[in-house]
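Trainee: In our numbering, the protein residues as written are 3 to 189.
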Amino acid sequence: GISGRGRKDQMRLAAEWGIKEYPTPSGGCLLTDPHYSDKLHDLFIHLPIGQERVSDIQLLQIGRHLRVSDDFKVVVGRDHEENEMLETLVEDGDWWIETPEHRGPLTIGRGTPNEAEIVTAARISVRYGKAPKEGLVRVLVKRLGHAEERTLEVDALPVAEIEAMRVQNIFANVPAQPGGKLVRSPE
3 GISGRGRKDQ
13 MRLAAEWGIK
23 EYPTPSGGCL
33 LTDPHYSDKL
43 HDLFIHLPIG
53 QERVSDIQLL
63 QIGRHLRVSD
73 DFKVVVGRDH
83 EENEMLETLV
93 EDGDWWIETP
103 EHRGPLTIGR
113 GTPNEAEIVT
123 AARISVRYGK
133 APKEGLVRVL
143 VKRLGHAEER
153 TLEVDALPVA
163 EIEAMRVQNI
173 FANVPAQPGG
183 KLVRSPE
């Protein structure tokens, strides 16, 4: 019989039997991807039950995720395709951050940031873009669905500070809850 994760035997049999159309091999469940599950865990910890939106789940598959604070997370597009996908997932209340004078990522913020956290998000956007890493760069910051739009002049955030915010393996050293269950408060 056929066993294991490999699909070579199945593909060989399909060719022998003249089967030309069949589902493509895939990597399996997203929940087994440690990067995706870290992002999902972060979402569950920071959003009260019932406040998740479909776009919150869809965002987990796109970009770099950085937790600026308990109340504010940013997602930074890695390339043109991801920037376009981010554009389709933004919603009223999201923060739109970009460097209009330089090629670079679209950065989307979700949550209720204070002024310092908005500046941090702008500095993250400068770090990942084509703007100079030294000196001040103009960054456009808009709150979608609100009459809030302004231009900030900021420098690039140091890489070490960005790495400390990355939503990746952030739960590696957290002891498991009794029974292995994730506990969420229904705030």
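Every residue, glycine too, gets a C-beta built ideally from N, C-alpha and C.
Predicted model only: the values in this text are computed from it and were never measured.
Determine the DSSP secondary structure at Ser-187, reduced to helix, strand or coil.
Mentor: Its pLDDT being 44, under 50, Ser-187 is placed unreliably in this model, and the coordinates cannot settle the point.
Trainee: Where does His-148 land, buried or exposed, given buried means 16+ other C-beta within 10 angstroms?
Mentor: exposed
Trainee: What's the gap between the Cα of Asp-157 and the Cα of Leu-45?
Mentor: 29 Å
Trainee: So, Ile-120 versus Ile-164, is the Cβ gap smaller than 9 Å?
Mentor: Taking 9 Å as the cut-off, the Cβ atoms of Ile-120 and Ile-164 do not count as close.
Trainee: Just grab the DSSP bridge partners of Glu-150 for me.
Mentor: Partner residues in the beta bridge of Glu-150, as assigned by DSSP, are Arg-145.
Trainee: Let me know the alpha helix (DSSP H) ranges lying completely inside the region 77-157, each 4 residues or longer, listed in chain order.
Mentor: DSSP runs (the alpha helix (DSSP H)) wholly in the region 77-157: 82-91 and 117-130.
Trainee: Does the structure place the region 106-123 close enough to the region 69-83 that three or more beta carbon pairs sit under 8 Å?
Mentor: yes
Trainee: State the DSSP-derived secondary structure class of Lys-192, mapped to helix, strand or coil.
Mentor: Since the displayed the chain opens at 3 and closes at 189, residue 192 lies outside it and no answer follows.
Trainee: Can you list, in chain order, the residues of its chain with a C-beta nearer than 7 Å to that of Leu-42? Leave out the 5 residues immediately preceding and following it.
Mentor: Leu-62
Trainee: Quick check on this structure: which residue in Trp-19, Asp-96 and Thr-34 has the alpha carbon closest to the alpha carbon of Arg-145?
Mentor: Asp-96
Trainee: Report all residues from its chain with a CB closer than 7 Å to the CB of Gly-65; omit the five preceding and five following residues, and keep chain order.
Mentor: Result list for Gly-65: Val-77, Val-78, Gly-79, Arg-80, Glu-84 and Leu-88, in chain order.
Trainee: Comparing alpha-carbon positions, which option in Phe-74, Trp-98, Val-161 and His-104 lies nearest Glu-150?
Mentor: Trp-98
Trainee: Any idea if Gly-20 is buried or exposed, counting beta-carbon neighbours within 10 angstroms, 16 or more meaning buried?
Mentor: exposed
Trainee: Need the endpoints of the beta strand (DSSP E) that Val-70 sits in, please.
Mentor: Per DSSP, Val-70 belongs to the beta strand (DSSP E) from 66-71.
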